[in-house]
Amino acid sequence: MGIMEKMRLDGKSIFVTGGARGIGKSVAAAFCEAGAHVAIVDVDLETARETADWLRETTGSDTMAIQADVTNPEQVNHMVAMVREKYGKLDAAFCNAGICINVAAEDMTFEQWKKVIDINLTGVFLTAQAAGKVMLEQGYGSIINTASMSAHIVNVPQPQCAYNASKAGVIQLTKSLAVEWAKRGVRVNCISPGYIGTDLTLSSETLKPLIAQWNSMAPMGRLGKPEELQSICVYLAGDTSTFTTGSDFVVDGAFTCF
Ligand code: NDP
Numbered sequence: 073m074g075i076m077e078k079m080r081l082d083g084k085s086i087f088v089t090g091g092a093r094g095i096g097k098s099v100a101a102a103f104c105e106a107g108a109h110v111a112i113v114d115v116d117l118e119t120a121r122e123t124a125d126w127l128r129e130t131t132g133s134d135t136m137a138i139q140a141d142v143t144n145p146e147q148v149n150h151m152v153a154m155v156r157e158k159y160g161k162l163d164a165a166f167c168n169a170g171i172c173i174n175v176a177a178e179d180m181t182f183e184q185w186k187k188v189i190d191i192n193l194t195g196v197f198l199t200a201q202a203a204g205k206v207m208l209e210q211g212y213g214s215i216i217n218t219a220s221m222s223a224h225i226v227n228v229p230q231p232q233c234a235y236n237a238s239k240a241g242v243i244q245l246t247k248s249l250a251v252e253w254a255k256r257g258v259r260v261n262c263i264s265p266g267y268i269g270t271d272l273t274l275s276s277e278t279l280k281p282l283i284a285q286w287n288s289m290a291p292m293g294r295l296g297k298p299e300e301l302q303s304i305c306v307y308l309a310g311d312t313s314t315f316t317t318g319s320d321f322v323v324d325g326a327f328t329c330f
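For the sequence shown, the tail end lands on 330 under the working numbering, and the numbers increase by one without skipping.
If you want it as structure tokens, here you go:
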């Protein structure tokens, strides 16, 4: 079998949190194009349904939409049970849902801090834990978490201490799970994207005016596109990455290099 054939995900069952929009939607599309069945998981069921329907129509893959808030353990466990019930197994999980709140550290409320940490860090833990339990029982599986270049650098000029701390936590969580589960067939990696053009950046009234400034700091002079994260996730979800675990993949057009 050639390398391109080995990289396909035919018949694999995968869920994507934050899958209705942005990076999650784009990576879900790549999973479907590579042959996987994909569950689109999001707090917003209507948009998740639209995405799942669009993916089914355009790729022919079996898709489903599930409403779940990643901060709610019952909803997360129920979501994983639904995926397993429909597809009979869970090959990969993309724990990607996340938010950003830009407030100066001295003005950040306890609620704002908690919301970011709950969704970005606790949400990834709960989702990876629920997926991991199924995968450990199966003896195989690949988990991909979304961290950020903000785990490595302090982005400027916008203040985002909770976001940066949550994403740094995602990397160390990823490494911890990878080590705990390495001998039991379950791999855990994360991606650290640079600025990517999605609703999170393009539709935020706070962030939109900063794009020109970010681009002036970026070696490539531009934002990344969600599609530019697709192939690394297909690689991590599939069977050509069997020696890859506990790794963080920075995909940022060299933004963090200096
Ligand atoms: P988007 O805002 O475009 O999409 C995020 C999705 O996650 C939305 O559909 C959102 O639903 C969903 N979501 C939010 N909270 C929850 C929750 N509690 N439970 C389930 N789903 C939820 O963001 P991106 O696609 O840009 O971001 C995806 C991930 O990539 C995030 O973790 C983000 O931090 C990370 N990232 C993004 C970068 C960027 O520049 N865009 C750079 C580096 C990392 P709803 O809209 O209904 O709230």
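Glycine is no exception: its CB is placed at the ideal position from the N, C-alpha and C atoms.
Bear in mind that the values here come from a model prediction, so they are computed numbers and not experimental data.
Contact belief for residue i with residue j at Cβ below 8 Å, rounded distance in angstroms
i	j	result
residue 112	residue 123	5 Å
residue 322	residue 221	6 Å
residue 168	residue 246	Rounded, the Cβ-Cβ distance is 13 Å, inconsistent with contact.
residue 295	residue 316	Contact doesn't hold; Cβ gap of about 27 Å is too wide.
residue 100	residue 120	Incorrect: roughly 10 Å between the Cβ atoms, too far for contact.
residue 184	residue 175	6 Å
Member of the options whose CA lies at the smallest distance from the CA of residue i
i	options	result
residue 30	102, 209 and 97	Coverage of the chain is limited to positions 73 through 330, which leaves residue 30 absent and any answer about it impossible.
residue 106	93, 115 and 128	128
residue 142	133, 171 and 126	171
residue 300	286, 285 and 263	263
residue 160	273, 166, 96 and 83	83
residue 313	294, 90, 214 and 191	214
residue 202	156, 231, 101 and 179	156
residue 329	309, 289, 295 and 298	289
residue 235	273, 244, 193 and 275	193
residue 291	280, 150 and 266	266
residue 226	76, 286 and 110	286
residue 212	219, 256, 280 and 293	256
residue 180	233, 135 and 145	233
residue 96	252, 219, 186 and 280	219
residue 223	150, 76 and 327	327
residue 191	154, 237 and 150	237
CB contact flag (residue i, residue j, <8 Å)
i	j	result
residue 78	residue 311	yes
residue 137	residue 117	yes
residue 261	residue 303	no
residue 217	residue 242	yes
residue 228	residue 103	no
residue 165	residue 108	no
residue 147	residue 114	no
residue 74	residue 271	no
residue 309	residue 86	yes
residue 230	residue 278	yes
residue 239	residue 269	no
residue 249	residue 204	yes
residue 133	residue 110	yes
residue 145	residue 81	no
Helix, strand or coil at residue i according to DSSP, with G and I counted as helix
i	result
residue 82	coil
residue 174	coil
residue 139	strand
residue 190	helix
residue 89	strand
residue 276	coil
residue 293	coil
residue 165	strand
residue 313	coil
residue 207	helix
residue 231	coil
residue 150	helix
residue 96	helix
residue 304	helix
residue 246	helix
residue 222	helix
residue 160	coil
residue 330	coil
residue 144	coil
residue 134	coil
residue 269	coil
residue 123	helix
Opposing strand residues paired with residue i [DSSP bridges]
i	result
residue 259	214
residue 318	Paired residues: none, contrary to the question.
residue 114	139
residue 109	85
residue 264	322
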